[in-house]
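J.:
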Amino acid sequence: MTSSPVSARSVRSSSWPGSAFCCGAVAARRCPDTYSRLELQAGINSRPAPVTCSGNATTRCRAGLTSVRAWVAVVAFAVCAAACGATSGSSPSPSPSPETSSNVSSSPSGLIFKLSPEPGVGAAGTITVTVAPASTTVEVKVAGLQANSSHVSHIHLGSCQQRGGIAFALKPVVADGQGDADAKSTLNLVYPPAGSTWYVVVHAGPDMQGSNASYLLCGNLFS
18 MTSSPVSARS VRSSSWPGSA FCCGAVAARR CPDTYSRLEL QAGINSRPAP VTCSGNATTR
78 CRAGLTSVRA WVAVVAFAVC AAACGATSGS SPSPSPSPET SSNVSSSPSG LIFKLSPEPG
138 VGAAGTITVT VAPASTTVEV KVAGLQANSS HVSHIHLGSC QQRGGIAFAL KPVVADGQGD
198 ADAKSTLNLV YPPAGSTWYV VVHAGPDMQG SNASYLLCGN LFS
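Laid out in structure tokens, this is it:
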């Protein structure tokens, strides 16, 4: 049995770029030209059957849909990643809070240090250090002393925890009738000292004889 010759119109339909997407006999109604059933049959038989189209001519090619869906998924992922990156990048890192020392505070008049009592002593106070270009002023304020008592006071080298010798003498701390005292001394020295530390001592008595030299109150001049 001899096959029917391929007409010029059917060959022309095979070379038309859009004909690869016309699948089955029903597709004849959607191709650009109108062919007879035999001409369309001859045109399709003259080229390999498309492998990406379903048997139903009204169904789109699955490969095309799969490609589009994959592209949309890639774009959506990229947009989401960019948004997440921008959100995390814009979050400011928390800044560390500065540490504060309970031994020292600042005021317009200078640095204020605690003057702590020795065990069994009911008095307490503060030391205010004010630095000027050519001098340093040390003010000792105490409350709770014995009324009208007098106490020698010095700046010592070291600290209240590691006690050292006397470096500078301060004015005596003299209590009033209520046990309050305020002694201010201005010294020709540079504060803070280079290579060492200072602390202030209010001694127990008016001189350094015997038990009078004992520490009554002590305060470090550093944080």
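Start counting the sequence shown at 18; every next residue gets the next number (our numbering).
Beta carbons are placed, not taken as given, at the ideal position from N, Cα and C, and that holds for glycine.
Small disclaimer: the values here were computed from a predicted structure and weren't measured.
Mind checking who Tyr208 pairs with in its DSSP beta bridge?
T.: Per DSSP, none; premise fails for Tyr208.
J.: Looking only at its chain, what residues have a beta carbon closer than 6 Å to the beta carbon of Thr266, apart from the 5 residues adjacent to it on each side?
T.: Outside the displayed range of the chain (18 to 240) lies residue 266, so it cannot be described from this structure.
J.: Assign Val207 to buried or exposed, taking buried as 16 or more other Cβ atoms, counted over all protein chains shown, within 10 Å of its Cβ.
T.: Looking at its Cβ environment, which holds fewer than 16 other Cβ atoms inside 10 Å, Val207 is exposed.
J.: Tell me which residue opens and which closes the beta strand (DSSP E) that Gly175 is part of.
T.: Unbroken beta strand (DSSP E) run through Gly175: 167–175.
J.: If we count the other Cβ atoms within 10 Å of its Cβ and call it buried at 16 or more, is Ile183 buried or exposed?
T.: Its Cβ having fewer than 16 others within 10 Å, Ile183 is exposed.
J.: Does DSSP put Ser228 in a helix, in a strand, or in coil?
T.: Correct three-state label for Ser228: helix.
J.: Would Gly196 and Gly161 be called neighbours here (beta carbons separated by less than 8 Å)?
T.: Contact: yes.
J.: Quick check: Phe185 and Thr214, are their CB atoms within less than 8 Å of each other?
T.: Not closer than 8 Å, so no.
J.: Where does Ala192 land, buried or exposed, given buried means 16+ other C-beta within 10 angstroms?
T.: Per the 10 Å Cβ criterion, buried.
J.: Using C-beta distances below 8 Å, list every residue in its chain close to Ser122, excluding the 5 sequence neighbours before and after it, in chain order.
T.: For Ser122, where only same-chain residues beyond five positions count, the Cβ hits under 8 Å are Leu128, Ile129.
J.: Tell me which residues share the same chain as Val218 and place their Cβ nearer than 6 Å to its Cβ, disregarding the 5 neighbours each side in the sequence.
T.: His171, His173, Tyr232, Cys235.
J.: Alpha carbons only, please: which of Thr147, Ala164, Ser176, Gln179 is nearest the one belonging to Gly139?
T.: When only C-alpha atoms are compared, the closest one is Ala164.
J.: Buried or exposed, going by whether 16 or more other CB atoms sit within 10 Å of the CB of Ala230?
T.: Its Cβ having fewer than 16 others within 10 Å, Ala230 is exposed.
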